[in-house]
Amino acid sequence: MRWRAAFLLLAALACGQEPAKPPEPPPSQAPERPPGWPPQHKGDLFGKNREWMVTKQLVPRGISDESVLRAMRTVPRHSFVPVALRGHAYEDRPLPIGHDQTISQPFIVASMTEELRLKEGMKVLEIGTGSGYQAAVLAQITPHVFTIEIKEPLAIAARDRLRELGYRTVQVRHADGYYGWKEEAPFDAIMVTAAAPHVPPPLVEQLKQGGRLILPVGPPLGTQDLRLVAKDEKGKVRSRSLYDVRFVPLTGSLGEEKKGGAGGGGEGAKEGGEGAGK
Amino acid sequence: MKATVFGLSAAVLLHEICLLRILSIAYWHHAAALVVAVALLGFGVAGTVLALAPRLKAPATVPLCAVLYALLVAPSLLAAGAVDFNILEVGWEPAQWLRLLALEAIFLVPFLVAGLGINVALALAAERPGPTYAANLFGSGAGSLAAPLLLALGPPAGVLRYAAALAALTALAAGPRTLRLVSVAAAAALPVVPWPDLPMSPFKDFASLPDKREIVTRHGSLGRVDRAVVPALHYAPGLSLTSPVFPEGQTALFVDGHLAGAIGGAGHLPHTLGDLPYRLLGRVPERVLLLGLGPDLLRAMLVVDPDRNLLDLAGVPGKAEEPRAFLDRAEAPYDLVVHHVPSLHAAAETPVLTVEGLTAGLAVAREGFALSCALTTPPRAGLKLLATADLVTSHVVAARTADRLCVVLLHRAPTAEEKARVIAFCEENGFDPVRPADWGFPEPFHITRTPLAAPGGDYPYDIRPATDARPYFFKFFRWSRITDLFAEGATTFVEWAYVAMIVALLEALLLGALLMAAPVALSRAARAPALRFVALGCGFMLLEMAYLARAMVRLEGPAAAAAAVFGGFLVGSGLGSLCSARLRHAALAVAVLALPGYWIMPSSTILAAILCAAVAFPMGVPFPEALSRLRPESVPWALAWNGCASVAAAAGAPLLSSSVSIPFTAGAAALLYLLISRR
Numbered sequence: 091m092r093w094r095a096a097f098l099l100l101a102a103l104a105c106g107q108e109p110a111k112p113p114e115p116p117p118s119q120a121p122e123r124p125p126g127w128p129p130q131h132k133g134d135l136f137g138k139n140r141e142w143m144v145t146k147q148l149v150p151r152g153i154s155d156e157s158v159l160r161a162m163r164t165v166p167r168h169s170f171v172p173v174a175l176r177g178h179a180y181e182d183r184p185l186p187i188g189h190d191q192t193i194s195q196p197f198i199v200a201s202m203t204e205e206l207r208l209k210e211g212m213k214v215l216e217i218g219t220g221s222g223y224q225a226a227v228l229a230q231i232t233p234h235v236f237t238i239e240i241k242e243p244l245a246i247a248a249r250d251r252l253r254e255l256g257y258r259t260v261q262v263r264h265a266d267g268y269y270g271w272k273e274e275a276p277f278d279a280i281m282v283t284a285a286a287p288h289v290p291p292p293l294v295e296q297l298k299q300g301g302r303l304i305l306p307v308g309p310p311l312g313t314q315d316l317r318l319v320a321k322d323e324k325g326k327v328r329s330r331s332l333y334d335v336r337f338v339p340l341t342g343s344l345g346e347e348k349k350g351g352a353g354g355g356g357e358g359a360k361e362g363g364e365g366a367g368k
Numbered sequence: 070m071k072a073t074v075f076g077l078s079a080a081v082l083l084h085e086i087c088l089l090r091i092l093s094i095a096y097w098h099h100a101a102a103l104v105v106a107v108a109l110l111g112f113g114v115a116g117t118v119l120a121l122a123p124r125l126k127a128p129a130t131v132p133l134c135a136v137l138y139a140l141l142v143a144p145s146l147l148a149a150g151a152v153d154f155n156i157l158e159v160g161w162e163p164a165q166w167l168r169l170l171a172l173e174a175i176f177l178v179p180f181l182v183a184g185l186g187i188n189v190a191l192a193l194a195a196e197r198p199g200p201t202y203a204a205n206l207f208g209s210g211a212g213s214l215a216a217p218l219l220l221a222l223g224p225p226a227g228v229l230r231y232a233a234a235l236a237a238l239t240a241l242a243a244g245p246r247t248l249r250l251v252s253v254a255a256a257a258a259l260p261v262v263p264w265p266d267l268p269m270s271p272f273k274d275f276a277s278l279p280d281k282r283e284i285v286t287r288h289g290s291l292g293r294v295d296r297a298v299v300p301a302l303h304y305a306p307g308l309s310l311t312s313p314v315f316p317e318g319q320t321a322l323f324v325d326g327h328l329a330g331a332i333g334g335a336g337h338l339p340h341t342l343g344d345l346p347y348r349l350l351g352r353v354p355e356r357v358l359l360l361g362l363g364p365d366l367l368r369a370m371l372v373v374d375p376d377r378n379l380l381d382l383a384g385v386p387g388k389a390e391e392p393r394a395f396l397d398r399a400e401a402p403y404d405l406v407v408h409h410v411p412s413l414h415a416a417a418e419t420p421v422l423t424v425e426g427l428t429a430g431l432a433v434a435r436e437g438f439a440l441s442c443a444l445t446t447p448p449r450a451g452l453k454l455l456a457t458a459d460l461v462t463s464h465v466v467a468a469r470t471a472d473r474l475c476v477v478l479l480h481r482a483p484t485a486e487e488k489a490r491v492i493a494f495c496e497e498n499g500f501d502p503v504r505p506a507d508w509g510f511p512e513p514f515h516i517t518r519t520p521l522a523a524p525g526g527d528y529p530y531d532i533r534p535a536t537d538a539r540p541y542f543f544k545f546f547r548w549s550r551i552t553d554l555f556a557e558g559a560t561t562f563v564e565w566a567y568v569a570m571i572v573a574l575l576e577a578l579l580l581g582a583l584l585m586a587a588p589v590a591l592s593r594a595a596r597a598p599a600l601r602f603v604a605l606g607c608g609f610m611l612l613e614m615a616y617l618a619r620a621m622v623r624l625e626g627p628a629a630a631a632a633a634v635f636g637g638f639l640v641g642s643g644l645g646s647l648c649s650a651r652l653r654h655a656a657l658a659v660a661v662l663a664l665p666g667y668w669i670m671p672s673s674t675i676l677a678a679i680l681c682a683a684v685a686f687p688m689g690v691p692f693p694e695a696l697s698r699l700r701p702e703s704v705p706w707a708l709a710w711n712g713c714a715s716v717a718a719a720a721g722a723p724l725l726s727s728s729v730s731i732p733f734t735a736g737a738a739a740l741l742y743l744l745i746s747r748r
């Protein structure tokens, strides 16, 4: 009798229970971060300068994206300017880096980065590596950064500098930026840091649906219109004027070895990538 | 002595024109005009120097100044080359202002020396200055007529060596033996020694585009034209964001270093905004007239541009003529007239872009007149073009990208089929229809910060349509907004070319005032001739500049206009000064003739030159007549007043004409001569 009672008791208990759930699968794997990414820069002497730059130049002007602010606080901007100018690295202006190129004003770097609405894991193309600073800022947010520089000495120097500073995921190419980087397309975001007479259609073509392209459009040595080009989910392309800036011309070709075209030309303008008008 | 004055005057005018060309190539046009305007103050300074150093008033001074001037021309170019001036930085780099002053001072020196020689000759002939003044005017006229011919032979710096050699040679006519030997040696050496030139700014299109090859260069009075194959070039104004074809393999054309257009690699044209008139019509018509260069060169039956060199290097069938003059004289109609508006400086006369010009273009076009222009932020040219088109016809079709506008003027309302074609064209390529207003898409492709809508009264730019009386399409500056110059972010929005013109005038006035202030305060001899000679200097230059602006609208081109006006004025006034002793009421005659002469200016160069000579004949009288009545110690001051006033008036005339109108400038000159006639 006892075993029948126990069985009946167990059966009664079982009837009041939820049906047994199948076993939980193991938790899905989060996308793997490349080793050593994002690079950390601790202990340099310019941490306070970067904090000052963020709190005095960027936040008051409306930069609010935390990932952008974090990137600007982290990337050692002084490592991207000539030694003689390191004392000015965090000032609110562009600085010359040689070869008639400049590193953009910090606000411009932050503002253009913020407009791209980058998330970790996105793929971004930069035209106009220059010193590599902008690429480094992008690479603090997402590891998948591809950058093109038309001037070979700058491309080589930027590549070496980025590697030394731990930005090993950034790929630098010496090439004609007008045609983008077909092999790695499409991109979630594209940034051009040199003035272009028009929006290069190859770059629009290499933009993913839902992607954003930002570039200064206008005469090379006057004021350009900073423009955001967005491709929606249906592939329709629209542009929006943001504000006035000044950038160096989108010059370039690789000479006669490759089929020519205009390419990226560095970062910022001699006069400065000023955020005029914003 | 008169031969020396003639030769020196010719050399100086040739120098002035060559310097304007040299500086326009090296820098930008408004910088060139600024530097030359102030450099010419050297003539005013010469008068003051002569007044303060009366011992210079000796016959030997004239040929000595001629030789010294000849020897200073090359060093002035060398010294200028050492000044690292970049006009693009004047908005925020104070050091650039100092460099600008340095350039002006450098170029002022040779003009001061030449001015001293001419002023000494006039002072020595003060009792009967007419023939010497005539030699000065005839020489200047000869220099101005020779300039376009010589500039066609080679770079302007090279032409300058002949001006210097001519000046050196003039000393043969009047100098002592030693000086004559130096004169001959200089005249022989100057044409053959290595001659300096100013390099083109590295920021100009031609200098900054890399890997240029097959470069061909031609020089002319209208500019230096370069043609080059530039792999880096992707010239495609109004290109669709989604164009499947990119401009490649283009040959670029540059004028004074600025990119003027490109030929070759035209596969992308159907995806540019400039294709709008062709899509509207549904075909490429047979008779397309292109005014100036444009991407659709190969579609044109005829291209009209004032610059023969540009047409030759573009390799297109062309007519070297001012497009407006061509339209006014065109006999056969064309199916479509097209004009791609270039970006010009504020003081550039733009006869095609006036209300009368657009009317003339539409009259010649059977189907339509299409114009395209760049759009800036805030919009200026686009708004002005639409406002002008609206005054010409009520049938306008227009579309835009973010930075380009195309406007097609029609004789009649577009048909339903034409509308369908335009809408499809715009949808395919991501363009936004602008006119008719109800053709616009509910969700535009291009969102800009300031739309192309008719703005309110306090718009920061002057967008009133240009007219033949005020043919300055690119004059957007508003005097009521002058305080914007000092606002934050001003470097972005200010019309710097116009500001440069204002600065030139202010510098001329300030320097002139500084030169004259102390003498005027201390010396009665300095005060005596002031009003009359300032009025004479201003009146002559204002009238001459007004007639030049009018001739730019009426005649075949800038070279014809300059030849007719400068040649006519200088020869006519020279003849008048020869007869100055016998003529009365000359100033009154000028006051009476000034405005009618302006209005009846014919379109023939020769007839225009005759008209200018006729109006200028009495203009040659008042100056020598007034000079002959002065006390000897007042003569140099009179020359100083006259020199400074002439320069200020030359700088102020374009401002007056573009801010009010050209007839107003001519009227102001007439009023000055009327005042002179009353004293």
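Protein sequence lines correspond, in order, to chains L and X. Counting in my numbering, the first sequence runs from 91 upward without gaps. Counting in my numbering, the second sequence runs from 70 upward without gaps. Positions of the beta carbon are idealized from the N, C-alpha and C atoms, including for glycine.
For D472 (chain X), the C-beta contacts it makes with chain L under 8 Å involve H288, V307, G308, D315, in order along the chain.
Proximity of I492 (chain X) to chain L, defined by a Cβ-Cβ separation below 8 Å, is not satisfied. Under a 10 Å Cβ-count criterion, I246 (chain L) is classified as exposed, with fewer than 16 other Cβ atoms of the shown protein chains found around its own Cβ. Around the C-beta of A720 (chain X), 16 or more other C-beta atoms lie within 10 Å, and the residue is accordingly described as buried. Counted as a single uninterrupted DSSP element, the alpha helix (DSSP H) harbouring T247 (chain X) occupies residues 246-258. Residue-level contact by beta carbon holds for S312 (chain X) and chain L, with a gap shorter than 8 Å. Under the three-state reduction of DSSP, G387 (chain X) is assigned to strand. Neighbourhood of F315 (chain X) in chain L, by CB distance below 7 Å: P291, P292, in chain order. Of the residues assessed, A582 (chain X) falls on the exposed side of the cut-off, its CB having fewer than 16 other CB atoms within 10 angstroms. Under DSSP, Q261 (chain L) takes part in a beta bridge, and its partners are L:F236. Contact residues of the region 504-523 of chain X toward chain L are E512, P513, F514, H515, I516, T517, R518, T519 (C-beta to C-beta distance below 9 Å).
At a beta-carbon threshold of 7 Å, the residues of chain L lying near A305 (chain X) are H288, ordered along the chain. Between the C-alpha atoms of V684 (chain X) and F543 (chain X) there is a straight-line separation of about 30 Å. As summarised for the region 262-332 of chain L, the continuous alpha helix (DSSP H) elements at least 4 residues long and confined to that stretch are 291-295, given in chain order.
Under the DSSP assignment, L215 (chain L) falls outside any alpha helix (DSSP H), being part of the beta strand (DSSP E) whose first and last residues are 213-217. Interface with chain X (8 Å Cβ-Cβ cutoff): D322 (chain L) is excluded.
Chain-ordered, the chain L residues with CB closer than 7 Å to the CB of T446 (chain X) read D315, S331, D334. The shortest C-alpha to C-alpha distance from D472 (chain X) to any of L:V262, L:G312, L:A275, L:P287 is the one to L:P287. The beta carbon of G499 (chain X) sits closer than 7 Å to the beta carbons of S309, L310, T311, F514 from its chain, once the five residues preceding and following it are set aside; these are given in chain order.
For A232 (chain X), the closest C-alpha among the options X:F207, X:A331, X:A434, X:C87 is that of X:C87. Residue contact with chain X for V327 (chain L): present (Cβ-Cβ distance below 8 Å to some residue of chain X). The C-beta of F545 (chain X) has 16 or more other C-beta atoms within 10 Å across all chains shown, which makes the residue buried. In this structure, X:L82 is the residue among X:L82, X:G76, X:S649, X:L103 with its C-alpha nearest to the C-alpha of A632 (chain X).
Annotation: Cβ neighbours of V319 (chain L) in chain X (cutoff 8 Å, chain order): L310. Secondary structure of P502 (chain X) (DSSP, three-state): strand. Contact between A577 (chain X) and L110 (chain X) holds: CB atoms are separated by about 6 Å, below the 8 Å threshold.
Boundaries of the alpha helix (DSSP H) around S697 (chain X): 691-697. Of all alpha-carbon atoms in X:L680, X:R601, X:A597, the one lying nearest the alpha-carbon of G637 (chain X) is that of X:L680. If you ignore the 5 residues before and after V294 (chain L), its C-beta comes within less than 8 Å of the C-beta of L303, V319, K321, V327, all in its own chain and listed in chain order. Pairing A735 (chain X) with L612 (chain X) gives a Cβ-Cβ distance under 8 Å. Counting of Cβ neighbours within 10 angstroms places S715 (chain X) among the buried residues, the total reaching 16 or more. DSSP, reduced to helix, strand and coil, places A102 (chain X) within a helical segment of the structure shown. With fewer than 16 other beta carbons inside 10 angstroms of its own, I551 (chain X) counts as exposed. The region 128-136 of chain X makes contact with the region 182-189 of chain X, as at least three CB pairs between them are under 8 Å. The beta carbon of Y268 (chain L) sits closer than 8 Å to some beta carbon of chain X. Counted as a single uninterrupted DSSP element, the stretch harbouring E436 (chain X) is not any alpha helix (DSSP H) but the beta strand (DSSP E) occupying residues 434-443.
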